[in-house]
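Per the working numbering, numbering through the sequence shown is continuous, rising by one, with the last residue being 262. Written out below as structure tokens is the structure these notes cover.
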Amino acid sequence: MQVKYRRILLKLSGEMLKGQASACHDEAVLAEVAARLAGVVALGVEVGVVIGGGNIFRGLTGAGKGTDRVLGDTMGMLATIINALAVQNALERAGVPALVMTAQQMPQVAQHFDARKARKALARGQVVLFAGGTGNPFFSTDSGAALRAAEIGADAVLKATKVDGVYTADPKRDPAAVRYDRLSCEEALAKRLNVMDAAAFALCRDNHIPIVVFDFNAPDSLRRVVCGEPGFGTVVAD
25 MQVKYRRILL KLSGEMLKGQ ASACHDEAVL AEVAARLAGV VALGVEVGVV
75 IGGGNIFRGL TGAGKGTDRV LGDTMGMLAT IINALAVQNA LERAGVPALV
125 MTAQQMPQVA QHFDARKARK ALARGQVVLF AGGTGNPFFS TDSGAALRAA
175 EIGADAVLKA TKVDGVYTAD PKRDPAAVRY DRLSCEEALA KRLNVMDAAA
225 FALCRDNHIP IVVFDFNAPD SLRRVVCGEP GFGTVVAD
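This is how it looks when you write it as structure tokens:
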């Protein structure tokens with residue numbers, strides 16, 4: 025099967041791992057995520073993944089409740105490591121080799137991020153889960169995803185959401201909202217479209233990495249995006 029993107033960076037929210045469960049992780053959701061990743065790995069696609077930590081702890085939320093922002097962001101980064109380990113376990117149970125790399129030094133838990141080692145692992149067919157954000161406070165996991173995408177030479181950043189692309193307005197609130205098939209980073213920023221933060225846009229724009237926003241819950245969605253199916257998702261690129 026023809027694929028459009030040979031090396032991808034998939035950005036998942038932590039909330040997606042929670043599903044309908046009251047706990048941080050839903051085992052059925054983890055298994056489904058692993059199955060979808062396995063499906064594109066089988067096509068020969070090299071897969072990097074960045075997962076948020078919002079199902080466990082979100083730094084901005086903590087700061088709003090009085091937690092020191094730097095400490096809160098550190099707690100959020102640790103939450104992303106827990107999520108990466110959970111997905112690694114699900115992938116290995118599905119027979120897919122996986123590697124967790126962290127922005128922080130914690131050798132008992134995972135490898136410290138090294139771009140050269142990450143690219144080699146991807147070329148071997150391992151799914152590489154990049155955890156711990158950028159390693160610095162005040163940066164979102166979107167920025168972390170864009171940074172890792174640039175460092176590994178990804179062909180695209182795939183932003184998994186619960187809607188089928190970027191709209192002129194919130195489609196859940198405005199029935200007249202129209203979905204974009206394609207727009208530039210400058211347009212997305214100027215129109216204040218809530219896709220990724222400005223730092224992530226800048227990294228992708230400057231490194232000529234397209235961002236594809238798509239509905240992860242749609243049937244066969246990841247494969248359809250990887251294969252570049254027309255009219256599926258929104259491409260943000262210059």
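Ideal Cβ positions, reconstructed from N, Cα and C, are used throughout, including at glycine.
Quiz item: When the distance is taken between beta carbons, is Thr158 closer than 8 Å to Leu146?
Solution: Between Leu146 and Thr158, the C-beta gap is not smaller than 8 Å, which leaves the two residues out of contact.
Self-check item: Nearest candidate by alpha-carbon position, reference Cys48, set Glu253, Ile233, Ala103
Solution: Ala103
Exercise. Identify every residue that forms a DSSP beta bridge with Asp153.
Key: First, the residue type needs correcting, since residue 153 is Leu and not Asp in the sequence shown. Beta-bridge pairing links Leu153 to Val73, Val124.
Quiz item: Can you tell me whether DSSP reads Asp239 as helix, strand or coil?
Solution: Secondary structure of Asp239 (DSSP, three-state): strand.
Self-check item: Which of helix, strand or coil DSSP assigns to Leu217
Solution: coil
Quiz item: Who are the near neighbours of Thr258 in its chain, counting only those whose CB is closer than 6 Å to its CB and skipping five residues on each side?
Solution: Gly189, Val190, Tyr204, Val237
Quiz item: What number of angstroms, rounded off, separates the C-alpha of Leu67 from the C-alpha of Leu217?
Solution: Going from the Cα of Leu67 to the Cα of Leu217 covers about 32 Å.
Quiz item: Using the C-alpha atoms, what's the distance from Phe137 back to Ala127?
Solution: 6 Å
Quiz item: Helix, strand or coil for Leu67 per DSSP?
Solution: Leu67: coil per DSSP, three-state reduction.
Practice problem: Work out the CA separation of Ala122 and Gln112 for me, nearest whole Å. | Solution: 6 Å
Quiz prompt | Rounded C-alpha distance that separates Ile106 from Arg117 | solution = 17 Å
Practice problem: If I'm right that Gly78 touches Gly43 with Cβ under 8 Å, what's the distance once you round it to whole angstroms? | Solution: Their Cβ separation, rounded to whole angstroms, is 13 Å, which puts Gly78 and Gly43 out of contact at 8 Å.
Quiz item: Are the beta-carbon atoms belonging to Val152 and Ala142 less than 8 Å from one another?
Solution: yes
Exercise. Tell me where the beta strand (DSSP E) around Val133 begins and ends.
Key: DSSP places Val133 outside any beta strand (DSSP E), giving it a letter other than H or E.
Practice problem: Could you tell me whether any non-hydrogen atom of the ligand FMN is closer than 7 Å to the CB of Val74? | Solution: With respect to the ligand FMN, the structure offers nothing, as it holds no ligand at all.
Practice problem: Kindly indicate which three-state DSSP category Ala7 falls into: helix, strand or coil? | Solution: Because the chain spans 25 through 262 in this model, residue 7 falls outside it and cannot be assessed.
Quiz item: Do you know how far the Cα of Val124 is from the Cα of Arg140?
Solution: Looking at the two C-alpha atoms, the distance is approximately 14 Å.
Self-check item: CB of Val65 within 8 Å of CB of Val120, strictly
Solution: For Val65 and Val120, yes; Cβs fall inside 8 Å.
Quiz item: Buried or exposed: where does Pro131 fall if 16 or more other Cβ atoms within 10 Å of its Cβ makes it buried?
Solution: exposed
Self-check item: Endpoints, alpha helix (DSSP H) assigned at Ala110
Solution: 93 to 117
Exercise. Spatial neighbours of Glu51 within its chain, please: CB distance less than 7 Å, with the 5 preceding and 5 following residues excluded, ordered by chain position.
Key: none
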